[in-house]
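Numbers in the working numbering are just positions in the sequence shown, counted from 1, shifted up by 25.
All C-beta atoms in this analysis are idealised placements derived from N, C-alpha and C, irrespective of residue type, glycine included.
Note that the structure is predicted; figures quoted are calculated from it, not measured.
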Amino acid sequence: MRDNQEVKIGDLIRRFYKDNDKEDFIEEMKMINSWEKVVGKFIASHTLSLHVKDKVLYVRVDADSLRSELMFSKSLLIKNLNKIADKQIITNIVVK
């Protein structure tokens, strides 16, 4: 028999990630998608790549001066990114 109960697609996706021990994946993607909002258009336009692994955000930029600026602002960036997720997803940032 089929269950005719309606379920939102977002709820199904969250359940899938939770059941597969990837519960933070959606929050990580939210953070990456909010990068421009957090750092501004200029830095975002010079960001080559972003990815999260083991609670560390890896950022690649195309200028040494931006690398220094991001490292100087690291704790504020971590705070603002985690605020998007409403929990601590990122514990460190590595800028290359």
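Span separating the alpha-carbon of residue i from that of residue j
i, j, result
"residue 71", "residue 58", "15 Å"
"residue 90", "residue 96", "10 Å"
"residue 26", "residue 78", "Bear in mind that the predicted position of residue 26 carries a pLDDT of just 45, short of 50, making it unreliable; the figure below should be weighed with that in mind. About 41 Å."
"residue 34", "residue 40", "10 Å"
"residue 50", "residue 75", "14 Å"
"residue 94", "residue 56", "19 Å"
"residue 66", "residue 81", "22 Å"
"residue 68", "residue 85", "11 Å"
Residue i (DSSP reduced to helix, strand or coil)
i, result
"residue 59", "coil"
"residue 118", "strand"
"residue 26", "Low confidence applies to residue 26: its pLDDT is 45, below 50, so where it sits in the model is not reliable enough to give any reading."
"residue 77", "strand"
"residue 32", "coil"
Outcome for residue i when other beta-carbon atoms lying within 10 angstroms are tallied against a minimum of 16
i, result
"residue 119", "exposed"
"residue 106", "buried"
"residue 64", "buried"
"residue 101", "exposed"
Pair within 7 Å by beta-carbon distance, residue i and residue j
i, j, result
"residue 61", "residue 114", "no"
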